[in-house]
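Novice: Here it is, the structure, as structure tokens.
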Amino acid sequence: MSDAMGRGEVAAADLPVAPGLVAGGEGGSGRPGRETLRLFVRNKAAVAGVVMLIGIAFMTVAGPRIYDNDPKDIVAIPLTGPGELAEARLGTDYLGRDVLAGVIGGGTTSMTVAAMAAAMVLVIGISIGALAGYYGGWLDSALMRFTEFFQVLPALLFAMVLVALFEPSMWTISFAIGVVAWPGIARITRAEFLRLKNLEFVRAARAVGATDWRIIRKVVFPNALPPLIVSATLIMGTAILFEAGLAFLGLGDPNTTSWGLMIGLNRGNFLTAWWSVTFPGLAIFFTVLSFSLIGDGLQDAYNPKLRGR
Amino acid sequence: MRTATTRGRQRSFGRLLVALLAVFALVAAACSSDDDSDEAAPASTAAADSGSDAGDDMDDGDMADDDMADDDMADDSGDMDDDMADDDMAAAACNHGQNVGGTLIIGSTQVPRHLNGTVQSGYATAVPGTQLNASPLLYDAEYNPMPYLAHDWDVADDGLSVTLHLVEDAVFHDGMPITSADVAFSIQTVQAHHPFKTMYAPVTNVDTPDDHTAVINLSQPHPAILLAMSPGLLPIIPKHIFDDGQEMPTHPRNSEDFVGSGPFRLTEYEPGTIIRMERFEDFFIEGTPCLDEIVMEITPESTAIVLGLENGTTHLSSTLGPSANVLRLMDNPDVEVSAKGHEAIGQINWLEMNVNDPALSDKRVRQAIAYAIDRDFLSEVIDQGITFPVPTGIAAASPFHNPNVNHYDKDIDRAKALLAEAGYGPGELQLSIDYIPPAFVVQAEYVQQQLEEAGIEVELSVSPDFPTWAQRVATGEYQMTINQVWNWGDPVIGVHRTYLCDNRVGVIWTNNTGYCNPDVDALLNAAGQEFDITERARLYAEFQEIVAEDMPIFFLNTPSFWQAYNPAVMNPPTNNIWGQMSPMHEVWLDE
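Residue numbers (the working numbering), protein chains in the order written: chain Z, 209 to 517; chain V, 896 to 1486.
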């Protein structure tokens, strides 16, 4: 007991963690946060992505309050075109539901599912990658074989199986996406941990007696963050596409409107009522695009080779 | 040493991986395979009322899922008036030889399991099967029996026997005469193996006093037996071929070296690809068949069929796929589209309610649900006129249909009042609808939306595949579901099974609502034994009124079997209640 206390005190007092490392990667510039921001802003496309995403986020959060049509209500004659009716500006679908209300309301579902899935991907991916990379040896082999198993499964098919096994709902869909999408993150995390674990500051931490758990959490992980942040952004985009793909294939949650569900349900009418498919399609397009652009911008911002230019 | 162990471990790891992958691949394949329809739509009725062939039913059903989708979509809003005019024009026969000739190309998405309709229900088998085999009776467009293999038939005064007088010069495709022994053998085979057990259940035995007289003895009067002798339901098969002790359902001659009794004989059969049938010169109806040949081209893609109809390479099809295809063909002046033919199938889409559910056991709740839904809007606006509203469980074309039951025209106030009486304020009642996409998405979503307008909260519950859904519905683990059930001509075959108290046997398409009303049972049992058609209609009329009042099922609409055909097709199969499940010996091509 006293032993553990002692080690804890030492670790708490003398851990050699440079605050700069946490926020700015290994750049070593005086104000890493601002440098990162400067590099990010220099990428015009990334800024456009941020603006787009803010717009989409505003639409999904505040939209339903401003435009209060329920996406599930039948408001007009089915399959009326956009602009023809005041109560359905973007036209109606095969049941007479307002497409605009669907696009606004569907965003909430798509974004929530994407966020939950991304969170799950990060938790699983980082845990497994960190353990494998830090400890190495048989644990590494076992965890990586496990990861490869998931990596070689056709992701969409596997997700379909999972959703079909349970009832399609926002939870099961997020779960399915989370379960199939984590191997990439796990491998990135492992690579970073492998690289970092033998660097001097990590050895120093070990030398002063910090526990493994503490080293992983406070020393290695913060330094492995930049590429993970980039991947996490891209995963949001992927998750939205996944959700749309599942819904398109009829495995969406039928009780909550989502963009993919709208496309899947309306695709039979695509030739006669393009608007019921096109607008949710555009919404997915811009959302995924914005995540991609932001991901690119972050990658630039964290790239040490671009520093100081 | 160590390396060897590691390698060994890796190898077994690899094997494990491969095995797991295979499992996943299988699961995935199973999940995505509901598209390869194996058996046609008609499967949906397979349940009949015996719990014994549950496996069979499931099998059938697997495809029915598909069928439902198809049927349900494959409807268009045919201009009925136009169609009638066309039919009148085409009514001329093939002039006994004058216009003989031509090869009729039929496009179909339905893959038959084999061609022997005595042991296999379903549209896929019946369409080629009725060309290859003749039956005792034919049916016209008004449910009237017409002579076919039986030139005459009488029902005994006590209703306990039916005597068939067979045509004398009829022969099988191998030249052997068709005799009463073949009829008796065919009836016994159907009785033993066909999934529709009610068709011949009361038959005790078949006497064959001479080669051309068959006397069917019944344990009780059974008027449905006349419809059960339709082409698709009682093909006459050769006893000298099949009575060899082999199992009928898997008999090799069900698809190879096929010897039939019908107007066409089989010349080529590639399962899932093509069925080629040539005119049988010795067919017993003089001057027919008119066509030289019928070729059924089978493709999984209804789009290919639509294109074939548009460019004239396909002459006839009833499997047109989604409604958009039907609507598109209707706009094409070079293709005729008709909702007629196939009336006897009588498919009905309906909202089924589990009357054992605590909330739904209250009749007022079920009636409130009925008042909240507008079936006319669903058919005319949402389905764009390709389905036809129907207020009862007996299809509109049937002589036993009663149009005067309570239609429950949409009345939200009344629905709310009934709910309030039953003790449910707005938002206080939560119900769920089970369904299988994509077949019933539109109906489920529409009903959900309408019920929410009446203050009932509805959750949609999607079953991933047919067996899951069928299991839930058959075992009563549901509140409401959208279902499609087929009449199959006579109510005894396709209607009774849904309502009889003792037909709650845990199989899909039996009594899945748990509904039980002794008055209904008495009426159905009486009607099932009543040969007098007026009295029978009266009994069924009363039955339909009681069901409308008790409301275990809210009937939505009939998705017609739309047929599209080239204008050159004369006497198209729109002129009888079985449509393409009837011999096309009088069809010809005016090219």
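Where is the CB? At the ideal position from N, CA and C, for every residue including glycine. Computed from a predicted model, the values in this text were never measured in an experiment.
1) Starting from TYR1341 (chain V), find everything on chain Z with Cβ-Cβ shorter than 7 Å and list it in chain order.
2) With 7 Å set as the bound, which would you pick, yes or no: does the beta-carbon of ASP970 (chain V) sit closer than that to a beta-carbon of chain Z?
3) Once you ignore the five residues that flank GLU234 (chain Z) on each side, which residues in its own chain have a CB closer than 8 Å to its CB?
4) Classify MET1191 (chain V) as helix, strand or coil using the three-state DSSP reduction.
5) Could you tell me if SER1477 (chain V) is buried or exposed, where buried requires 16 or more neighbouring beta carbons within 10 angstroms of its beta carbon?
6) Between V:LEU1484, V:GLY996, V:ILE1082 and V:ALA1065, which lies nearest to GLU1181 (chain V) when the distance is taken from Cα to Cα?
7) Nearest CA to the CA of LEU490 (chain Z): which residue from Z:VAL311, Z:ARG273, Z:SER377 and Z:ASP301?
8) Helix or strand or just coil, what does DSSP make of GLN1366 (chain V)?
9) Need the endpoints of the beta strand (DSSP E) that THR1058 (chain V) sits in, please.
10) Here's a check: name, in chain order, each residue in its chain whose Cβ is nearer than 6 Å to the Cβ of VAL1387 (chain V), leaving out the five neighbours to either side.
11) Helix, strand or coil for ILE1428 (chain V) per DSSP?
12) Would you mind sorting MET1041 (chain V) into buried or exposed? The rule is 16 or more other CB atoms within 10 Å of its CB.
13) Would a C-beta distance cut-off of 7 Å place PRO1284 (chain V) and ARG1261 (chain V) closer than the cut-off?
14) For ARG1223 (chain V), does the count of other Cβ atoms within 10 angstroms reach 16, so buried, or fall short, so exposed?
15) Please report the residue range of the alpha helix (DSSP H) in which LEU364 (chain Z) lies.
16) Going by C-alpha to C-alpha distance, which of V:LEU999, V:ASP1053, V:HIS1210 and V:SER1274 sits closest to ILE285 (chain Z)?
17) Do the region 1066-1073 of chain V and the region 1126-1139 of chain V touch if we need at least three Cβ pairs shorter than 8 Å?
18) Quick one: what's got a C-beta closer than 8 Å to ALA265 (chain Z)'s C-beta in the same chain, skipping five residues either side?
19) Compare the Cα-Cα distances from ASN1452 (chain V) to each of V:MET1375, V:LYS1311, V:ALA1291 and V:ALA1459 and report the closest residue.
20) I want to see whether chain V comes within less than 7 Å of PRO462 (chain Z), judged by CB atoms only; does it?
21) What is the rounded straight-line gap between the Cα of LEU1055 (chain V) and the Cα of ILE1289 (chain V)?
22) Anyone know if the C-beta pair for GLN1366 (chain V) and SER1327 (chain V) falls short of 7 Å?
23) With a cut-off of 7 Å, does the C-beta of VAL1230 (chain V) fall near any C-beta of chain Z?
24) Give the secondary structure of ALA1491 (chain V) by DSSP, where H, G and I count as helix, E and B as strand, and everything else as coil.
25) Is GLY1155 (chain V) closer than 7 Å to ASN1028 (chain V) when the C-beta atoms are compared?
26) On the three-state DSSP scale, how would you describe MET1041 (chain V)?
27) With a threshold of 7 Å between beta-carbons, can ILE312 (chain Z) be considered close to chain V, or not?
28) Return the residues of the region 262-286 of chain Z that lie within a Cβ-Cβ distance of less than 8 Å from chain V, sorted by chain order.
29) Using the beta-carbon of each residue, which ones in chain Z are nearer than 7 Å to SER1356 (chain V)?
30) Under the DSSP definition of a beta bridge, which residues are partnered with GLN1325 (chain V)?
31) For the candidate residues V:ASP1304, V:GLU1188, V:ASN1220 and V:TYR1330, whose alpha-carbon lies nearest to that of PRO1023 (chain V)?
32) Please name the residues in the region 461-495 of chain Z whose beta-carbon is closer than 8 Å to at least one beta-carbon of chain V, in chain order.
33) Within 10 Å of its beta-carbon, does ARG411 (chain Z) have 16 or more other beta-carbons around it, so buried, or fewer, so exposed?
34) So ALA1036 (chain V) and ASN1470 (chain V) are in contact, right, with Cβ under 8 Å, and what is the actual spacing, rounded?
35) I want to verify the contact list: residues of chain Z whose CB lies under 8 Å from the CB of PRO1468 (chain V), in sequence order.
36) In chain Z, which residues lie less than 8 Å from ILE1277 (chain V) when you measure between Cβ atoms?
Specialist: Here's the rundown:
1) Translated into the one-based positions of the second sequence, residue 1341 (chain V) becomes position 446. For TYR1341 (chain V), the chain Z residues whose Cβ falls inside 7 Å of its Cβ are LEU303, in order along the chain.
2) Translated into the one-based positions of the second sequence, residue 970 (chain V) becomes position 75. In this predicted model, ASP970 (chain V) has a pLDDT of only 34, less than 50, meaning its place in the structure is not dependable enough to derive any value.
3) Taking the first residue of the first sequence as position 1, residue 234 (chain Z) is located at position 26. Here GLU234 (chain Z) scores only 43 on pLDDT, less than 50, and its place in the model should not be relied on; the value that follows carries that caveat. Shown here for GLU234 (chain Z): same chain residues with a beta carbon closer than 8 Å to its own, the five before and five after excluded, namely ASN431 and PRO512 in chain order.
4) Here the question's residue 1191 (chain V) lines up with position 296 in the second sequence. DSSP places MET1191 (chain V) in the strand class (E or B) of the three-state scheme.
5) What you label residue 1477 (chain V) is simply residue 582 of the second sequence in a count that begins at 1. Under this definition SER1477 (chain V) is a buried residue.
6) Here residue 1181 (chain V) refers to the residue found at position 286 when the second sequence is read from its first residue. Looking only at V:LEU1484, V:GLY996, V:ILE1082 and V:ALA1065, the smallest Cα-Cα distance to GLU1181 (chain V) is reached by V:ALA1065.
7) Here the question's residue 490 (chain Z) lines up with position 282 in the first sequence. Comparing Cα positions, the closest option is Z:VAL311.
8) Along the second sequence, one-based indexing puts residue 1366 (chain V) at 471. Here GLN1366 (chain V) sits in helix by DSSP.
9) In the second sequence, residue 1058 (chain V) corresponds to position 163, counting from 1. Counting along the chain, the beta strand (DSSP E) containing THR1058 (chain V) begins and ends at 1056-1061.
10) As a position in the second sequence, residue 1387 (chain V) is number 492, starting the count at 1. In its chain, beyond the 5 residues on either side, THR1093, ALA1119 and GLY1423 have a beta carbon closer than 6 Å to the beta carbon of VAL1387 (chain V).
11) As a first step, residue 1428 (chain V) is located in the second sequence; it is residue number 533 there, counting from the start. In the structure shown, ILE1428 (chain V) sits in a helix (DSSP, three-state: H, G or I).
12) Here the question's residue 1041 (chain V) lines up with position 146 in the second sequence. MET1041 (chain V) sits exposed, since fewer than 16 C-beta atoms from the chains shown fall within 10 Å of its C-beta.
13) For the purposes of this step, residue 1284 (chain V) is identified with residue 389 of the second sequence, where counting begins at 1. For the purposes of this step, residue 1261 (chain V) is identified with residue 366 of the second sequence, where counting begins at 1. It is not a contact, given that the beta carbons lie outside the stated cut-off.
14) Position 328 of the second sequence, counting from 1, holds the residue named residue 1223 (chain V). Flag for ARG1223 (chain V) reads buried.
15) Locating residue 364 (chain Z) in the first sequence gives position 156, where the first residue counts as 1. 363-373 is the extent of the alpha helix (DSSP H) around LEU364 (chain Z).
16) By 1-based counting over the first sequence, the position of residue 285 (chain Z) is 77. For the residues V:LEU999, V:ASP1053, V:HIS1210 and V:SER1274, the minimum Cα distance to ILE285 (chain Z) belongs to V:SER1274.
17) These segments touch.
18) For the purposes of this step, residue 265 (chain Z) is taken as residue 57 along the first sequence, with counting starting at 1. Excluding sequence neighbours, ALA265 (chain Z) sits near MET319.
19) Indexing the second sequence from 1 puts residue 1452 (chain V) at position 557. The shortest C-alpha separation from ASN1452 (chain V) is found at V:ALA1291.
20) Your numbering for residue 462 (chain Z) matches position 254 in the first sequence. Answer yes: the Cβ-Cβ gap between PRO462 (chain Z) and chain V drops below 7 Å somewhere.
21) Here residue 1055 (chain V) refers to the residue found at position 160 when the second sequence is read from its first residue. Here residue 1289 (chain V) refers to the residue found at position 394 when the second sequence is read from its first residue. So the two alpha carbons sit approximately 26 Å from each other.
22) Sequence index remark: in the second sequence, residue 1366 (chain V) carries index 471 (1-based). Sequence index remark: in the second sequence, residue 1327 (chain V) carries index 432 (1-based). No, Cβ-Cβ distance for GLN1366 (chain V) and SER1327 (chain V) is not below 7 Å.
23) Working through the second sequence from its first residue, we reach residue 1230 (chain V) at position 335. By the rule that beta-carbons nearer than 7 Å mark a contact, VAL1230 (chain V) does not touch chain Z.
24) Because chain V is modelled from 896 through 1486, residue 1491 (chain V) falls outside the range shown and cannot be assessed.
25) Here residue 1028 (chain V) is taken as the residue at index 133 of the second sequence, counted from 1. Here residue 1155 (chain V) is taken as the residue at index 260 of the second sequence, counted from 1. Closer than 7 Å, so yes.
26) Residue mapping note: residue 1041 (chain V) aligns to position 146 of the second sequence, counting from 1. In the three-state reduction of the DSSP assignment, MET1041 (chain V) falls in the strand class, which pools E and B.
27) Along the first sequence, one-based indexing puts residue 312 (chain Z) at 104. Interface with chain V (7 Å Cβ-Cβ cutoff): ILE312 (chain Z) is excluded.
28) Within the region 262-286 of chain Z, the qualifying residues are LYS280, ASP281, ILE282, ILE285 and PRO286.
29) Taking the first residue of the second sequence as 1, we reach residue 1356 (chain V) at position 461. Within chain Z, the residues GLU375 have their CB atoms less than 7 Å from the CB of SER1356 (chain V), given in chain order.
30) For the purposes of this step, residue 1325 (chain V) is identified with residue 430 of the second sequence, where counting begins at 1. V:GLU1352, per the DSSP bridge assignment.
31) Position 128 of the second sequence, counted from the first residue, corresponds to residue 1023 (chain V). Comparing alpha carbon positions, the residue from V:ASP1304, V:GLU1188, V:ASN1220 and V:TYR1330 closest to PRO1023 (chain V) is V:GLU1188.
32) Here the close residues are PRO462, ASN463, LEU473, GLY476, ASN477, LEU479 and THR480.
33) As a first step, residue 411 (chain Z) is located in the first sequence; it is residue number 203 there, counting from the start. Burial call: exposed.
34) Position 141 of the second sequence, counted from the start, is the residue given in the question as residue 1036 (chain V). Position 575 of the second sequence, counted from the start, is the residue given in the question as residue 1470 (chain V). Correct: roughly 5 Å between the Cβ atoms.
35) Taking the first residue of the second sequence as 1, we reach residue 1468 (chain V) at position 573. Neighbours of PRO1468 (chain V) on chain Z: none; closest Cβ ~27 Å, over 8 Å.
36) Here residue 1277 (chain V) refers to the residue found at position 382 of the second sequence. PRO286, TYR302, LEU303 and GLY304, listed in chain order.
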